[in-house]
Amino acid sequence: MKITSAKVFVGGPAKNYVTLKIMTDQDIYGLGDATLNNRETLPAQYLTDYLIPNLIGMDPRNSEDIWQFFFKGAYFKRGPIAMAAFGAIDMALWDIKGKLANMPLYQLFGGKSREGAMVYAHATGSDLEDLLDSISYFVEQGYKAVRVQCGIPGMPTASYGVSESKADVKNYITNFSGVKPKIEVWDTERYMRYMPHTLERIREHVGPDIKVLHDVHHRLRPREAAAFAKQVESVGLFWLEDPTPADDQDALKLLRQHSTVPVAIGEVFNSIWDCNKLIENELIDFIRVAVTYAGGITHVKRIVDLAGLHHVRTGFHGAPSHSPLCMAAQAHLNAWAPNFGIQEYLILGTPECDALFPSEHRMAGGLMYVSDAPGLGVDFNETEAARYSYTAGSHPVVRLEDGTLWNY
Ligand code: CS2
Ligand code: MG
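Residue numbers (this note's numbering): 1056 to 1463.
Written out as structure tokens, the structure reads:
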């Protein structure tokens, strides 16, 4: 069996999805997601200029060797652009494998460990009142877990994950259009004063059974993160996400000495080498990698297995920046993984998105049910794709009030 051609599409409804389609000599094709949020043209270019010309003529069934060929063969290993491009190839090759076997991917991993996989919604409000409305909305929809992000009184601008208008509280989708980023201003002291007792109020509002998560989005210094984690201990958070910038992995030691709050990290990691020490030293409780950013199913499965040895559960990134192909790859891993924890799920299911990526993966009662179709179980409608083109975007840049640059 041989790969005969491959093409890359960039565009989509509200997001620039980067979609790879690999064709073979056997009337079977595979699909993969290479969307690197706000830098989408870069993995697309890497695929087109270097990787696809090498793929032609390869046997798509040898997905392991093809992964190693690109990873080791590049010499300059890792990095988000390369790993997103490899991720798309790897997803597409697993899609082909599943179609050849006539099995959904989770069967090739070892079958199902659960029927529905728990997801969390993103509740948001510019103030606590709006946030409580947003939480109630998702709980009424049947979600068992919500991540809560609240505007901070006196904070000069809204910060990560906080809606700017009431209209966003039911469907928060960030729009970072333009090459020039918008500037956000951050104030750690205000956040540290307001957020802990706000989390207490949220726990009182939802009761003991709803799982509550919170994303600090890399904003705190190690000592501040330790103090914050200690203060919110009684809230019983399901997880505290990215309390510190993930580059300094030792930072979490201090937090661990002062708090037992579960820590989730990894949405910016792109390889096992970014998280093996965090996992082996048991400094985290949830690993947040995404199948797209971390080199595809082959590589992420290795991370999941390593995590399992150290009681670390999965909590794959699922921001709307990933296409339904990445979410499908994660749905198959979630169905299988013995150490599954939770899946982030920020509403993707617009009619336009469903028309571009038809599938039978479905959500009900706060759980995600994986499709039984062979392979990834997602198709790609090229006629729909022709409607969209690329629009440049950038993540916000964060400064402190005196102008010092901070972490988004
Ligand atoms: C976030 C992301 O979903 C999350 O947990 O931290 O929304 C993140 O800000 C974006 O995906 C950045 O591309
Ligand atoms: Mg996050």
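Glycine included, every Cβ here is placed at the ideal spot set by N, Cα and C.
Distances from the CB of residue 1239 to the heavy atoms of the ligand MG are all 7 Å or more. Annotation for residue 1369: the continuous beta strand (DSSP E) segment containing it runs 1368-1371. Contact between the region 1201-1209 and the region 1174-1188 is present: 3 or more CB-CB pairs across the two stretches fall below 8 Å. Our two residues, residue 1124 and residue 1139, have alpha carbons roughly 15 Å apart in a direct line. Between residue 1229 and the set 1377, 1339, 1417, 1331, the nearest pair of CA atoms involves 1377. The set of residues whose C-beta lies within less than 6 Å of a heavy atom of the ligand MG reads, in chain order, 1270, 1272, 1296, 1297, 1322. For residue 1171, the enclosing beta strand (DSSP E) begins and ends at 1171-1180. Between the ligand CS2 and the CB of residue 1230, the shortest heavy atom gap is not smaller than 7 Å. Rounded to the nearest whole angstrom, the CA to CA distance from residue 1290 to residue 1458 is 33 Å. Between the ligand CS2 and the CB of residue 1218, the shortest heavy atom gap is not smaller than 7 Å. Beyond the five residues adjoining it in sequence on each side, residue 1103 comes within less than 8 Å, by CB distance, of 1063 in the same chain, given in chain order. In the three-state reduction of the DSSP assignment, residue 1129 falls in the coil class. A distance criterion of 7 Å places the beta-carbon of residue 1447 beyond contact range of the ligand CS2, judged by its closest non-hydrogen atom. If you compare the alpha carbons of 1412, 1334, 1343, 1313 with that of residue 1323, the shortest gap goes to 1343.
A direct Cα-to-Cα measurement between residue 1413 and residue 1208 gives close to 42 Å. For residue 1149 and residue 1241, the gap between their C-alpha atoms comes out near 42 Å. Judged by DSSP secondary structure, residue 1261 falls within the alpha helix (DSSP H) whose first and last residues are 1243-1261.
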